[in-house]
Every structure is written in structure tokens, then in C-alpha cells.
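Sequential numbering from 4 applies to the sequence shown in the numbering used here.
Don't be surprised by glycine CBs; every beta carbon is placed ideally from N, CA and C.
Each remark here refers to the structure printed beneath this line.
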Amino acid sequence: MLLENKKTAIIGGGPGGLTLARLLQLKGVEVKVYERDLNPAIRVQGATLDLHFESGLKAIEKAGLMDAFKETYRPGADQGRIIDPQGNIIFDEHTETLNDDFNNEYFRPEIDRGPLRNLLLNSLQPGTVVWSSQFLSMEQVNGQWKITFKNGTTAIADLVIGADGANSKIRPFVTPTKASYAGITILQGNVQHAESVIPNMHHLLKGGKIYVHGDGKALHVSSKGDGSIDFYTSSEKDEQWVKSNGVDFSDHKNILEWFKKEFAGWNEIWFELFENASYPIMLRPQYVVPLDQTWDAKPNVTLLGDAAHIMPPSGEGVNLAMLDALDLSECLTSSDYTTLETAISAYEKKMLERGAEATQDSLEMAEWMHADDAQERMLKLLGQNI
């Protein structure tokens, strides 16, 4: 096997990196995951995720974790409502029969990021994840990578895989091509104890999702298994907007005033989210890699997930990362390739092709989500006749 008696280092302990570690360990590969978080509980994980039949769920199945996933996912959390800015329900999936058929290619079960991460962590051999290991630099020494972390420790690896997200520190070792601003900025927040703090919104959400489009803006609200509510607004802004608009987004009063002005004419029920959110609100300018990006495969370093193909949100991010992990694990452990470079090249060819296709779809989605007919387009996306 290509990785026999070799050390593999995965930089980043998100779903993609952890999935890859699990799949490689099933094949007997020596692997470590280096994660910058101090420990698994130090940081609250983000919003709920829906896994797809042909990607995320496929990786879960190959990793031997489907039974554990079925015990962990949140039935019904994928059911959504399309609501207009004035608070009128336009379409309601809660009136339909609950879909929980894992053999149905259109079923997209929801799971919170935290439980998904824990599921993957618990599947790994003890000591696989090395916490408090923020990547600082790496250099080649005697045919191997010497990796240095911010805490002063070092590690040696024969193969390094960058699974470290949108701001990947491994990406420059693979390609000089950089991401550019996608023209969209997201504001993301969370309300704890939603049932008691914002009961009207809790009732409207009904344990699922809410999609609102209007005035060139989008609002997405989703329930979480811990009783909180995640939400984000999305709008087309200049890249320097955050610095130039004069709003202090760490100040409750300032951001609430901004939201009421920015969303003037919207029902006051939406204001409850910003009035009761934990602060600061997270500002997330969105970036995208070129559709035609390409590079020559390296013999000892590669990328997966957002590190390889960052794009605006489209529901595909985590699924692509987990499918990348699956394809990479199979190429690295296949007898079809005689060198790591040819195995990596075969993986990257597939990864870059589907990444370009998904990126194109995400840019098209970002465009129509902020268009005048976004609500109608959303209805069509859900297969409704309007």
C-alpha cells in the first residue's frame, strides 16, 4: 500500500478532516489530525447541516457510521417554511408526510455540527486528534514535512492534507491561486433558550427551517438540537462594506438599529432574532475560487473541502468535503496507483471537476437569492407550482 510505514498529517478537525481520518484508519493508515481548538468542547459548533445521499451520507456509510448517524440525526429538522418578509407563510413542508427514508436519494437528514463532529471523533482511535495545534509553518526535511505549530511543538509527516477551511494555511503549498470576494456578506447569530426567550419565533420555526427573501436580501433561520436558534442574513455588499458603513457589529444597540433600518418594512418578528442574539454577531464576507482553477499534483500534499474549493453557501459545503475525504482515501489506498503523486492526481482531477460545477451552482444560487423573484425561485426549488 502507498501509505504503508508512512505518516499522514491532516490539518484541520472539521467534518472533512475527521471523515478522512476515519476512512484511512479503517485501511490501516497511520494518521494524525492537528486541530487548533484547545479541546473538543472549547468552541460552540455552527449551524445544523443536511447530508446528501450521493455525498455526505455516502461517506458516512463507507465509514461504517450509518447506525450511529441514525441515532444522532434530528428527524423533521429538514422541514422548512417559506415565509414572506411580512410574516405570511407561503409554503409549509410541515403539512407533508415526514420523509425518513435513507434509501430515498432526495432525503436530506439534518444533524447539528457539534453532534456530527462528536460522532466522527468517537469513531477514531484514541489520540488521533492532537488538540491545541494551530498550524504555523512547514518545510521539507529529508523528504518529509516538518510541521511547526503555534504552541512550539513540531510533527513529521510523509503526507500532509489541508482540511483547514476557507483560510487554509496549506493551500499556498499546493497552488498560488487565491479566492476572491463573491459579492455577498453574511451576518450570523444565535439565540439561546429560544422557546422561552423568543416563543413566537420558536413556534413559527416549528423545529425546522425558515426561508425569507425580499428587497434583495435573504434571511435563513434554523433550529438546533440544543434548544437554540441559528440565523443569518445575506445581502450583496461591497467587500469593504463592513469597514466603511460605520456600524459597530459588536454593539447590541448599533446592530439592532442597523437591522431595523436595513430591513425596514419587514415584520417585527424578525427583529426578535437580533434583539435576543448572543453578541457579537459574526460577520462573514463570502469568497470563491476561480471556476477554472487547476494545478499540478504534488507528491506529498493536497487539499479537501473549503481549503480546495471555497464558495458561497449552497448546502453543498460539508457534503463536498466529506465526499472529497472518501475519494481521497480510496485513491491513497488503491492498488491502481504506483505513486502517491499519481494517486493524488487522480483524486484532484475528480475533486476539481465537481468543485467547479458546485461553485457555478452556488454563484447562480447567490445571484437569484438576492433577486426580485427570489421567493418564487425558492418555491420552484422545492418543486412547487406557482
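Straight-line gap, residue i to residue j (C-alpha atoms, nearest Å)
i, j, result
"K10", "D103", "40 Å"
"L276", "E198", "12 Å"
"N388", "R111", "Low per-residue confidence applies at N388: pLDDT is 42, beneath 50, and the placement is therefore not dependable, though the value from the model is reported in the following sentence. Distance between the alpha carbons of N388 and R111: 22 Å."
"A80", "M4", "42 Å"
"N125", "L119", "10 Å"
"A310", "G217", "32 Å"
"E64", "A359", "25 Å"
"D364", "N145", "43 Å"
"D40", "S136", "7 Å"
"D251", "A221", "21 Å"
"G16", "A50", "16 Å"
"Q82", "E96", "5 Å"
"D241", "G249", "14 Å"
"L162", "G117", "28 Å"
"L384", "T342", "44 Å"
"V324", "G31", "Here residue 324 is Ala; the residue named in the question, Val, does not match the sequence. Approximately 22 Å between the Cα atoms of the pair."
"W371", "T236", "15 Å"
"L26", "H205", "38 Å"
"F105", "A369", "29 Å"
"A267", "Y109", "37 Å"
"H255", "E278", "8 Å"
"H223", "D233", "8 Å"
"F138", "T156", "10 Å"
"L101", "V194", "26 Å"
"N8", "F176", "24 Å"
"T178", "T151", "20 Å"
"L29", "S281", "40 Å"
"E33", "H373", "46 Å"
"T98", "E74", "25 Å"
"G219", "W261", "16 Å"
"R77", "N107", "17 Å"
"L259", "Y340", "57 Å"
"N257", "E265", "12 Å"
When the options are compared against residue i, the one with the closest alpha-carbon
i, options, result
"A185", "Q378, R174, R287, Y340", "R287"
"G130", "A374, L119, E38, A349", "E38"
"N203", "W261, I272, T157", "I272"
"D87", "L52, E379, G230, G31", "E379"
"I45", "E57, L127, W134", "W134"
"S317", "L366, L26, L306", "L366"
"P18", "Q89, H223, E319, H255", "E319"
"S171", "H373, T305, R25, L323", "T305"
"L331", "T342, L343, S337, Y350", "Y350"
"I114", "V34, E265, V132, N322", "N322"
"Y214", "R84, Y109, V34", "R84"
"W244", "I14, N193, Q289", "Q289"
"I92", "S226, L207, K383, N303", "L207"
"M381", "D233, F94, F176, E344", "F94"
"G90", "E7, M314, F274, V200", "F274"
"Q128", "G219, I201, K35", "K35"
Beta-carbon spacing of residue i, residue j below 8 Å
i, j, result
"M285", "Q147", "no"
"L68", "I164", "no"
"V291", "A377", "no"
"A71", "L21", "no"
"H196", "G230", "yes"
"E333", "P302", "no"
"L52", "L60", "no"
"A346", "S338", "no"
Inter-residue CB distance, residue i and residue j (contact presumed, cutoff 8 Å)
i, j, result
"L294", "T362", "6 Å"
"S253", "P283", "4 Å"
"A62", "L335", "Rounded, the Cβ-Cβ distance is 15 Å, inconsistent with contact."
"A169", "A12", "The pair is not a contact, with the Cβ atoms about 20 Å apart (cut-off 8 Å)."
"E142", "K149", "6 Å"
"S225", "K212", "5 Å"
"L307", "A160", "Wrong, their Cβ atoms sit about 16 Å apart, outside the cutoff."
"F173", "I14", "Here residue 173 is Ile; the residue named in the question, Phe, does not match the sequence. About 5 Å separates the two Cβ atoms, so the contact holds."
"L326", "S58", "4 Å"
Below-8 Å beta-carbon distance, residue i vs any chain B residue
i, result
"T178", "Looking for chain B here will not work: only one protein chain is present."
Any non-hydrogen atom of the ligand MN closer than 7 Å to residue i Cβ
i, result
"R116", "This structure lacks the ligand MN, and indeed carries no ligand of any kind."
Query raised in the report: Between the segment 290–306 and the segment 347–363, are three or more C-beta pairs nearer than 8 Å?
Result: yes
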